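What follows is one structure encoded as structure tokens, with my remarks underneath.
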Amino acid sequence: MELNLNHVDYLQVGVTSQKTMKLLPTVGRKATQKVVVADYDGVVTGFGMKKGEAVPVFKSLPGQKISRLELGGALGTPQEKIFVSSGSEVRGYTKKGKQFLTFEANLTESINAMHVSGADLFVCASYIYNHYCDCKDQDYYLSGDKINDVLCLPVETVGHIVPILACQDRVLRVLQGSDLQFDVEVPGPPTVLELLNRDGGKGGEEVLYGTADGKLGLVQMTKSGPITSWELDNEKKKGGVLCIDTFDIVGDGVKDILVGRDDGTVGVYGLDSSNEPMLRFENVLSESVTSIQGGCVGKDMYDEVLTATYTGWVSGLTTEPQQMVAGPGDEIKMSRETQGKVAALRAELEQFQMKVLQGREKYQQSSQSSTAVSAVPVFSINDKFTLCQDDASYSLTLEVQTAIDNLLLQSDVPIDLLDVDKNSAVVSFSECDSESNGNFLLATYRCQANTTRLELKVRSIEGQYGTLQAYVTPRLQPKTCQVRQYQIKPLSLHQRTHAIDQERPMNTLRLTGQFSFAEIHSWVVFCLPEVPEKTPAGDNITFYFQNTFLGTHLEATYCKGEANFKSDNISTISILKDVLSKEATKRKINLNISYEVNEDSVSHTLRMIHPKLEYQLILAKKVQLIDALKELQVHEGNADFLIPEYRSILDESAQLLEEYKKQPAHLERLYGMITDLFIDKFKFKGQNVKTKVSQLLAILNNYELDSLMEFFSEA
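Its first residue numbered 1, the sequence shown is counted upward by one per residue in UniProt numbering.
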């Protein structure tokens, strides 16, 4: 069934966090629902719609930033009590806005996830989960990695309390009391959890999850263990999932899955006959979608998908047809109601313009006085620096509550800037003198008017580590700028994984010395991404990683006084050895370093590089031919005389050039990896082969895998 939804804006509040907007339940099926939304200013706003206008029901006083908003109430009754978390406090409001609860959870950190079920309250700060019943402490759990969301299976269906934590290390942890019952491995870091059909499905055990890398999944949490119903990959490279809801927007009696993402995409997924999800509708907003709900807000009888965005816009995608009707002579006429709305908006706009002019004049006058103090405007930045598995690059997303004027990027390590299709900003590069001032990159992005969100992609080189700095200047007066820093780690292209292939030829590095568990853990955090900063509970820990560029593996096992690293890539071991010994020297700790090199691992790594290198060489060769072939085509009038291979190069020339442009220095990067592998292989034997690098490059220029492997073994 074709789904047509029309966009309509309702109201703007302050900047919003994830999951801070809900629809209050109604008694009648098609009566309009009230909306509650909470923001960074600590204000909870309740409003309804009357004759196309947002009418406030209540508005709380400002306070500390609100991180979550949930609905609750006695089990079996309409869930219409409003609970918000700000700092380490939970407050409760009635649907009319009267505060009836203030509960201090006494946590050292702010609450970042919350769930309410009857008299039970579940709250999570970074690594800590707490369960309270009637505001009395019940259970406690310390997670191995950051907790992004918390959920509880419906008690009225399941019969007992089953809390589920979505943790950053790609695991859903299912608890029983204060203990871990079992965990569920998921394909990406889970950011949001939601019950299927809002009640967990037939047995109340079905849970939807969304990940930071844009994947969706459904898991059934049975008593005996988890059953994965389906997983939906993010093939179109859309943003990470921030919010999910289920609601029958199509009207076919089957609830659809509504998804909001951090790149502004709103998706409606229906389930086909085999219960697999399929995309029914998609709409893209200009900023990240922090909350999503299905219901009836604007007009009786018309269902809609309601969204709240980062800068606080509450808007709907409604099934109500647009008010424009084509009259005689195809002139578009507006209904009286719409005409009234437009006139009211124009009057409001004029009022605002007058206020701005008066404010400017006042500011100009006061700024001339000798006692005037210029106040720096405060603005929020929502930023995300994540490793993308598909193309082994880092995605840097910056979102500001007001329009961005320009962005300056500065890096003290060599990195490549990659092209991003969604990015309309104009980039210009400044010359860098890396020797005198340590700058390897200076780039300025000048943004078009009304750009509030910017997405960039950078690719780093493993072994080279330092800091990337972003200076964000919004279109505000007086001019002000905020700096954000992002660490480029020594093994920056490695990503956490659940398991590795132990059958591969492995090189090992063993460190022993007078270091504590916390010290060795801090060194591993310094070297590798996606490792929790908090020292793990217990005496020892094992982490598994995969190199997103080459697919090589790494295992890190360590405890107090001893650390073991295993990898099928000798360069990974070499980088770890150099960095860890440097860190230990800084702290005046004496390390005993031993290693075992597996000769087969070098040829194994070369075979892993081979398909990538061969593909890039063929691509470069094709791109070199394009101009000459086009000239021939112009000269001869057509391309019929060319062999099929050359004709296909001409036909695909646009795609080939686009791909080549998207991957600058890709070939040099692969050559660099092979050169490092060559130097590292002999470094562990105590030999310096830097003089033979020119011979290696000559072989790479006439590349054949066999001759390359022969050179490695003979050198």
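For glycine and all other residues, C-beta sits at the position ideal for the given N, C-alpha and C.
Quick caveat: nothing in here was measured; it's all calculated off a predicted structure.
Asked	Found
I589: CB within 7 Å of a non-hydrogen atom of the ligand ZN	Only the bare structure without any ligand can be found here, which leaves the ligand ZN out of the picture.
Whole-angstrom distance between H666 and Q695, CA atom to CA atom	21 Å
Cβ pair count under 8 Å reaching 3, the stretch 414 to 428 against the stretch 340 to 356	no
Classification of I541 by the beta-carbon crowding that lies within 10 angstroms, buried from 16 upward	buried
Separation of D248 from D272, as counted between CA atoms	14 Å
Beta-carbon spacing of I257, V207 below 8 Å	no
Simplified DSSP assignment, three categories, for G260	strand
Bounding residues of the alpha helix (DSSP H) (the contiguous stretch that carries D578)	I570 to K586
C-alpha distance - C133 paired with L121, whole-angstrom precision	6 Å
Complete runs of the beta strand (DSSP E) confined to the stretch 175 to 241 [at least 3 residues]	179 to 185, 190 to 195, 206 to 211, 216 to 222 and 225 to 232
Separation of T228 from Q220, as counted between CA atoms	6 Å
L407 versus T535 - alpha carbon distance	35 Å
Ranges of the alpha helix (DSSP H) found wholly within the stretch 435 to 488, counting only runs of at least 4	none
CB-CB length for I82 against T20, believed under 8 Å	Not confirmed; about 11 Å, so no contact.
Start-to-end residues for the alpha helix (DSSP H) that takes in L619	E599 to E636
8 Å Cβ shell around residue 717 - same chain, five flanking residues per side excluded	The chain is shown from 1 up to 715; residue 717 falls before or after that span and cannot be answered.
Those residues which DSSP pairs with I500 across a bridge	Note: I500 sits in no beta bridge, so no partner.
Boundaries of the beta strand (DSSP E) in which I128 is found, first to last residue	I128 to C133
Option in G637, Y544, Q181 and C432 with minimal Cα separation from S224	Q181
DSSP state of M709 mapped onto helix, strand, coil	helix
G201, buried or exposed, once every other Cβ within 10 Å from all chains shown has been counted against 16	buried
Buried versus exposed call for T452 [16 or more other C-beta atoms within 10 Å across all chains shown]	buried
Nearest residue (CA-CA) to L657, options D627, R346 and K236	D627
Whole-angstrom distance between L708 and I699, CA atom to CA atom	7 Å
Exposure of F100, with buried meaning 16 or more beta-carbon neighbours within 10 Å	exposed
Reference R170, options V426, D263 and P190, closest by Cα	P190
Same chain only: Cβ atoms within 8 Å of H604, ignoring 5 sequence neighbours per side	R504, P505 and D568
N- and C-terminal bounds of the alpha helix (DSSP H) containing E399	It is not in any alpha helix (DSSP H) - E399 instead sits in the beta strand (DSSP E) that spans S393 to V400.
Backbone secondary structure at S273 - three-state DSSP	coil
Three-state class that DSSP yields for G73 in the structure shown	coil
Where K81 sits in the DSSP three-state scheme	strand
Span of the beta strand (DSSP E) around P56	E53 to K59
Cut-off 6 Å between Cβ atoms - residues of its own chain near A584, not counting five sequence neighbours on either side	L591
Beta carbon of D233 nearer than 8 Å to that of K255	no
Cβ neighbours of P226 in the same chain (closer than 6 Å, five flanking residues each side left out)	V184 and V219
Cβ shell of T16 (< 6 Å), same chain only, five flanking positions each side left out	D39, T290, A308 and G312
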